[in-house]
Amino acid sequence: MPSPTHKPAPKRRPRILFVTDLAYPAKGRRYCDEDIFLTSRLRQEFDIALCHPLDATALMDGFDAVVIRNSGPVLHYQAEYDRFREEAEKRGTLVYNELRGKADMIGKQYLLDLTAAGYPVIPTIDRAEDVSRLPDDAAEYVVKPKMGADSIGLEFVPGEALPELAYGNVLVQPRIDFTYEVSFYFVDRDFQYALYAPSPEARWKLEPYEATAEDIAFAQRFVDWNDIAHGISRVDACRAPGGELLLVELEDLNPYLSLELLSPEARESFAVNMAASIHGLLATRRG
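Going by the numbering used here, the letters in the sequence shown line up with residues 2 to 288, in that order.
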């Protein structure tokens, strides 16, 4: 009598905790649609569960990695976010984006650091004694919180108000009369696509942008400067009156991707590359 055939147990797929706030009220955008698409695509390769950012710390031990996506500005839940970071590092939890980023993930200090290092950034100061380092011909100056997001707390002031500002937790920059804003999107350190806002008055009315090699090299410098090997980055820049690009923001925590503006082929390509990136992160644990 032949012995029964024993089939090997199916290989367990990686389990991903996908952190998103599906109800986040973004201005003129539906963040939830983007994450619904991404999870539907990533589900082909991973077992995925979605959770609100406030639940991530309690749930993360049951998963191989935590993917942070459209989780909203962390300043709305700063204490809980800080605890999540602390616990993830203590437990050795794999987090995507990796938590070693040096940009918006930990505040706006990087704008000061990059200014001091001579990178092409809108000039930025945080002390009254450094006002002379700003151009004195700007019509207005931008004051923003160091821990700000989504333009929360941002204000415009005239030059004569600069000496009297309450420095310490704010950054000051000249208000640039730019031609347009453009965003460059990367998975790991590889350029994916670019979008721009032709009208300076409509930041989120974006269109596809044909980035030149020079444009991509500009954005690549900031992605290479940052310390993330596995994750998604968005480099926001403005085209200054002289034609050069200047960094506005380096978003390395949960950048909105505007995937709905891409062709189906480009959207699929992004999802494929994101999945490969997550596999790469998981491989660091196996290694």
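Backbone N, C-alpha and C define an ideal beta-carbon position, used for all residues, glycine too.
Taking 4 residues as the shortest admissible run, the segment 178-257 contains the following complete alpha helix (DSSP H) segments, listed from N- to C-terminal end: 214-226.
Under DSSP, K145 takes part in a beta bridge, and its partners are L172.
L51: member of the beta strand (DSSP E) spanning 48-52, first to last residue. The C-beta of E35 has 16 or more other C-beta atoms within 10 Å across all chains shown, which makes the residue buried. Excluding sequence positions up to five before and after L95, its CB lies within less than 8 Å of the CB of D65, A66, V67, L282, L283, T285, R286, all in the same chain and listed in chain order.
Contact check for A129 and P175: beta-carbon distance about 16 Å, past the 8 Å limit, so the pair fails to qualify. Taking C-beta atoms as the reference points, Y181 and P209 fail to come closer than 8 Å.
In this model, R84 and M106 are separated by some 14 Å (Cα to Cα).
Between W226 and F185, the alpha-carbon positions lie close to 15 Å from each other.
P121 and L251 do not touch by the CB rule: their CB atoms are close to 12 Å apart, not below 8 Å. Per the DSSP secondary-structure output, Y97 pairs in a beta bridge with V68. In the DSSP annotation of this structure, the continuous segment of the alpha helix (DSSP H) that includes E90 starts and ends at 79-92.
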